[in-house]
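For what it's worth, our numbering labels the leading residue of the sequence shown as 388, then goes sequentially.
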Amino acid sequence: MEIKQIYTGCLAQGSYYIKCCDEAAIVDPLREVQQYIDMAERDGVKIKYIFETHFHADFVSGHLTLAEKTGAQIVYGPTAETSFDSIIAEDGQRFKIGKIEIEALHTPGHTMESTTYLVHGKQGEHHAIFSGDTVFLGDVGRPDLAQKGTNMTQEDLAGMLFDSIRNKILPLGDDVIIYPGHGAGSACGKNMSKETIGTLGHEKKHNYALREDMTKDEFVKELCEGLPKPLEYFGFNVAMNKHGYKSIDEVIDSGQNMLSVEDFISTSEQSEALILDVRHQREFIKGFIPGSIFIGLSGTFAPWVGALLVDVKMPLLLVAEPGTEVEAITRLSRVGFDNVIGILNGGFNSWKEAGKRVDTITAVSASELAEKVNSDSNTKVIDVRRPSEYSAEHLDGASHAPLSFLTDYLERLPKEDFYMHCAGGYRSVIANSILKKHGIHNAIEVLGGYNAIVKTDAPRTDFVCPDSI
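(1) Over what stretch of residues does the beta strand (DSSP E) that includes C407 continue unbroken?
(2) What does V768 pair with, by DSSP beta-bridge criteria?
(3) Assuming D804 and N829 form a contact by the criterion Cβ under 8 Å, report the distance between their Cβ atoms to the nearest whole angstrom.
(4) Pick out the complete alpha helix (DSSP H) segments inside the region 615-650, 4 residues or longer, and give them in chain order.
(5) Per the DSSP calculation, F675 is bridged to which residue(s)?
(6) Looking only at its chain, what residues have a beta carbon closer than 7 Å to the beta carbon of I856, apart from the 5 residues adjacent to it on each side?
(7) Consider the C-beta atom of E609 and the heavy atoms of the ligand FMN; say whether any pair is separated by less than 7 Å.
(8) Indicate the three-state DSSP secondary structure (helix, strand or coil) for A830 in the structure shown.
(9) Going by Cα to Cα distance, which pick from Q422, K592 and K577 is closest to K616?
(10) Quickly, what does DSSP pair T567 with across the bridge? List them, please.
(11) Checking 8 Å against the spacing of the C-beta atoms, do F523 and H569 come in under that value?
(12) In three-state DSSP terms, what is V527?
(13) Put D849 into one of helix, strand or coil per three-state DSSP.
(14) To the nearest angstrom, report how far apart Y386 and P567 are at their CA atoms.
(15) What would DSSP say about V432, mapped onto helix, strand or coil?
(16) Does the distance from the C-beta atom of V625 to that of A444 stay below 8 Å?
(17) Quick check on the burial criterion: 16 or more other C-beta atoms within 10 angstroms. Buried or exposed for N538?
(18) Does DSSP put G658 in a helix, a strand or coil?
(19) In angstroms with no decimal places, state the Cα-to-Cα distance between M645 and D795.
(20) Just to confirm, are L703 and A750 a CB contact at a threshold of 8 Å?
(21) Here's the rule: buried if 16 or more other CB atoms are within 10 angstroms of the residue's CB, otherwise exposed. What is F471?
(22) Could you tell me the alpha carbon to alpha carbon distance between A757 and D763, rounded to whole angstroms?
(23) Within the continuous alpha helix (DSSP H) that includes T502, where are the two ends?
(24) Name the DSSP bridge partner or partners of V911?
(25) Counting only the same chain and skipping the five closest in sequence on each side, list residues whose C-beta sits under 7 Å from that of D650.
(26) Give me, in chain order, the residues of the same chain whose beta-carbon lies closer than 6 Å to that of P801; leave out the 5 immediate sequence neighbours on both sides.
(27) How big is the Cα-Cα spacing for V447 and P709?
(28) Among the residues of its own chain, which have a CB less than 7 Å from the CB of L793, if the five just before and after it don't count?
(29) Would you mind stating whether L492 and K555 have Cβ atoms separated by less than 8 Å?
(30) Mind checking whether C408 and G458 have CB atoms under 8 Å apart?
(31) What do you reckon, are the CB atoms on E477 and P495 nearer than 8 Å?
(32) Per the contact definition of three or more C-beta pairs closer than 8 Å, is the region 687-701 in contact with the region 738-755?
(33) On the CB-based measure, 16 or more other CB atoms within 10 Å of its CB, does Q657 come out buried or exposed?
(34) DSSP state of T452, grouped into three classes?
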């Protein structure tokens, strides 16, 4: 038996390749499925099953394309309903892969159909679990994403998750390996570890939600407390995973529509497409097409696209560094944004060379900001980091407007010039581009973000460990 984790940092997502003898299975595949097919061909095995732990909200799975290309059967847990051929497993049902068996353990709570898959080794021993979004390393799945499809509250779902974990997962041996659906950076949990593979024994000792002495009421309270609002694109991705989507090959082919500057402009005017600039933030600051939104490929690109653009059907025009066009289209498709209608041929340089109007972002160094706040107590600073980052420590006097929900704060932003930062500069440049698109041009970028600010003498609040927030 061999298990390989395919971890995608941009999505903080783990998919899995399981091989035994001449058969294989895939758990929660990415949308670009060729990598799994190549692995199976290299090993001389047939992909027999595609196990889905639940209907994913934060990315579009590759289950349909992979099934079409390999003939593998798609497996979901109890209560799942799909618009395509699939096996809806019963609780406890086992599936053979070579000489091993994979058992479906129904573990509702994150969603109603959430299922953990338990691997039984060749001797029948409990070897590992693919826990999806039921149990992470350091956390458990959030219980509020399936509410719209049920009459349950998030507290009801949290109670179900408590029972699922106590009845199905905690009785397993401490040496059972946990292969989770996500790691740190995912929006599917609050306190996930940076590690991506662990053991149940370690989680029993260190995961706050798996404490032996924890009551159900305590679990529900701790799990539901401080949950950020679900991102709006989640519903679009769930619908695509349930009902189907275009082939990734078709998406990539149609997206590579290279446009001259004049054609780019006319397409923009005729389609009302959003212009998305995916270059590095340091290049975007120096010059960009007025009205374009920056979300760079160098960061957690796909989740921010989903969080901020929301509507997966939105037509997009891309500005990219030449040679990165296919990467951009592929990563957009991971969160369901399949409607790239054109790409600026030659990238931003062709726009400049054509003499078209260019916008820029005013920026200062962290030391310049420190000098300003130390000399003028009325200096306005906006911190766009996550609530947990801001609560842990921030520039004294800085206001908070988290990027995920920046548009909710537009009316509260200062009318005079203000300084804006995140941790390192990626998110604040995104924020600055959004503000400019909304006609707000008085934000000043702080280069290097909070990571640079802490190296200055600018006054900061006392540090509070995030674990205690």
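Every residue gets a Cβ at the ideal spot worked out from N, C-alpha and C, and that includes glycine.
Let me spell this out:
(1) Here residue 407 corresponds to residue number 20 of the sequence shown, with the count starting at 1. It spans Q400 to C407 - the beta strand (DSSP E) in which C407 sits, taken as one unbroken run.
(2) Against the sequence shown, residue 768 aligns to sequence position 381. Its beta-bridge partners are Y806.
(3) Walking along the sequence shown from the start, residue 804 turns up at place 417. Walking along the sequence shown from the start, residue 829 turns up at place 442. The Cβ separation is near 5 Å, so the contact holds.
(4) 621-630 and 635-642
(5) Here residue 675 refers to the residue found at position 288 when the sequence shown is read from its first residue. D746.
(6) Sequence index remark: in the sequence shown, residue 856 carries index 469 (1-based). Its pLDDT being 43, under 50, I856 is placed unreliably by the model, and the measurement read from it follows with that caveat. Answer for I856: S775, S778 and A779, listed in chain order.
(7) Of ligands this structure carries none, so the ligand FMN is not represented either.
(8) Within the sequence shown, residue 830 is the residue found at index 443, counting from 1. If DSSP states are grouped into helix, strand and coil, A830 belongs with the strands.
(9) Counting from one through the sequence shown, the residue named residue 616 turns up at place 229. With distances taken between Cα atoms, K616 lies closest to K577.
(10) Within the sequence shown, residue 567 is the residue found at index 180, counting from 1. Checking the displayed sequence, the identity of residue 567 turns out to be Pro instead of Thr. Note: P567 sits in a beta bridge opposite G519.
(11) Reading the sequence shown from its first residue, position 136 is the one you call residue 523. Reading the sequence shown from its first residue, position 182 is the one you call residue 569. Yes, the pair counts as a contact, with Cβ atoms nearer than the cut-off.
(12) By 1-based counting over the sequence shown, the position of residue 527 is 140. Residue state for V527 is assigned as strand, using DSSP reduced to three classes.
(13) Looking up residue 849 in the sequence shown gives position 462. Coil, per DSSP.
(14) The requested residue 386 does not occur in the structure, where the chain is confined to residues 388 to 856.
(15) One-based indexing of the sequence shown puts residue 432 at position 45. Here V432 sits in coil by DSSP.
(16) Within the sequence shown, numbered from 1, the residue matching residue 625 stands at position 238. Within the sequence shown, numbered from 1, the residue matching residue 444 stands at position 57. The answer is yes: Cβ separation under 8 Å.
(17) Indexing the sequence shown from 1 puts residue 538 at position 151. Looking at its Cβ environment, which holds fewer than 16 other Cβ atoms inside 10 Å, N538 is exposed.
(18) Within the sequence shown, residue 658 is the residue found at index 271, counting from 1. Per the sequence shown, the amino acid found at residue 658 is Ser instead of Gly. It is helical.
(19) Along the sequence shown, one-based indexing puts residue 645 at 258. Along the sequence shown, one-based indexing puts residue 795 at 408. M645 and D795: Cα-Cα distance of roughly 35 Å.
(20) In the sequence shown, residue 703 corresponds to position 316, counting from 1. In the sequence shown, residue 750 corresponds to position 363, counting from 1. In this structure, the beta-carbon distance from L703 to A750 does not fall below 8 Å.
(21) Walking along the sequence shown from the start, residue 471 turns up at place 84. Exposed, because fewer than 16 other Cβ atoms sit within 10 Å of the Cβ of F471.
(22) Counted from its first residue, the sequence shown places residue 757 at position 370. Counted from its first residue, the sequence shown places residue 763 at position 376. Roughly 10 Å between the two C-alpha positions.
(23) Counted from its first residue, the sequence shown places residue 502 at position 115. Note, T502: premise wrong, no alpha helix (DSSP H); beta strand (DSSP E) at T502 to H507.
(24) Given a span of 388 to 856 for the chain in the structure shown, any question on residue 911 remains unanswerable.
(25) If you number the sequence shown from 1, residue 650 lands on position 263. So the list is empty, once near-sequence residues are dropped.
(26) Locating residue 801 in the sequence shown gives position 414, where the first residue counts as 1. For P801, where only same-chain residues beyond five positions count, the Cβ hits under 6 Å are K767.
(27) Position 60 of the sequence shown holds residue 447. Position 322 of the sequence shown holds residue 709. Looking at the two C-alpha atoms, the distance is approximately 26 Å.
(28) The residue labelled residue 793 in the question sits at position 406 within the sequence shown. So the qualifying residues of the chain are V771, A818 and I821.
(29) As a first step, residue 492 is located in the sequence shown; it is residue number 105 there, counting from the start. As a first step, residue 555 is located in the sequence shown; it is residue number 168 there, counting from the start. Taking 8 Å as the Cβ cut-off, L492 and K555 qualify as a contacting pair.
(30) As a position in the sequence shown, residue 408 is number 21, starting the count at 1. As a position in the sequence shown, residue 458 is number 71, starting the count at 1. In this structure, G458 does not lie closer than 8 Å to C408 by Cβ.
(31) Position 90 of the sequence shown holds residue 477. Position 108 of the sequence shown holds residue 495. Contact flag unset, no.
(32) no
(33) By 1-based counting over the sequence shown, the position of residue 657 is 270. Exposed: under 16 other Cβ atoms inside 10 Å.
(34) Walking along the sequence shown from the start, residue 452 turns up at place 65. Note: T452 maps to helix in three-state DSSP.
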